[in-house]
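Positions -26 to -1, 1 to 139 (mature numbering (1 follows the signal peptide of the UniProt record, and there is no 0)) are the ones given, in order, by the sequence shown.
Ideal placement from N, C-alpha and C gives every residue a C-beta, glycine not left out.
Report on one structure; see the data block that follows.
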Amino acid sequence: MARENLALHISFVLFMLLHCSLPVASDSTEEANALLKWAATLHNPKDSNISSWPLLPQNATNSIPRTSPCNWVGLSCNINGRVERLNLTDAGLNGTLHELYFSALLDLAYIDLSMNMLSGNIPLGITKLSKLIYLDLANNLLSGTVPPEIGLLTNLDTLHLSANH
């Protein structure tokens, strides 16, 4: 009886260890894939600060990154290993924000993509970032209207959108 209880206890502990560790790895992979897919859509990423990111091949749909996005230029993570800051100011980015899957980056609190050549409009997906405190998209080539839903981001304290179209 004691042996069966011990085996059951060990099985439970192993299950809990595996179950608790998988979501973090999965979340990190989802964040990395979202960022890599976006980076792959940018024009001339080799000339930008993200050239050190392990870029996906063109038309790739999924990849398991070799490194955590927490170690990539322009990114920093919270204590849980989730991307919390995206700071690519004057990084030579040329493209749009439309392919950036914001739903995979729900811990983002700080975004600074100012002084790049980002064009198009601000995607509605950015309004899913309920933890967002700081958003700087100034000095780009953005056009169109600002999604009114940005007003629902109750934590948003700083919003810079100047010097766009």
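Residue(s) in a DSSP beta bridge with residue i
{"i": "N61", "result": "D86"}
{"i": "N68", "result": "M91"}
{"i": "S77", "result": "DSSP output for S77 lists no bridge partner at all."}
{"i": "L49", "result": "L60"}
{"i": "T132", "result": "Y108"}
C-beta contact flag for residue i and residue j at 9 Å
{"i": "I53", "j": "I96", "result": "no"}
{"i": "E58", "j": "D86", "result": "no"}
{"i": "L135", "j": "L106", "result": "no"}
{"i": "N68", "j": "M91", "result": "yes"}
{"i": "T3", "j": "E73", "result": "no"}
{"i": "R56", "j": "D110", "result": "no"}
{"i": "A13", "j": "L79", "result": "no"}
{"i": "T128", "j": "S104", "result": "yes"}
{"i": "A83", "j": "P43", "result": "no"}
{"i": "S93", "j": "N113", "result": "no"}
{"i": "K11", "j": "Y75", "result": "yes"}
Beta-carbon separation (whole angstroms), residue i vs residue j, contact threshold 8 Å
{"i": "M89", "j": "T70", "result": "Contact doesn't hold; Cβ gap of about 16 Å is too wide."}
{"i": "G99", "j": "S77", "result": "7 Å"}
{"i": "A65", "j": "N23", "result": "4 Å"}
{"i": "S26", "j": "W46", "result": "7 Å"}
Entirely within the stretch 88 to 128 and at least 3 residues each: give me those beta strand (DSSP E) ranges in chain order.
91 to 94, 108 to 110
Run through the stretch 3 to 30 for me and flag every whole alpha helix (DSSP H) of 4 or more residues, listed as ranges in chain order.
none
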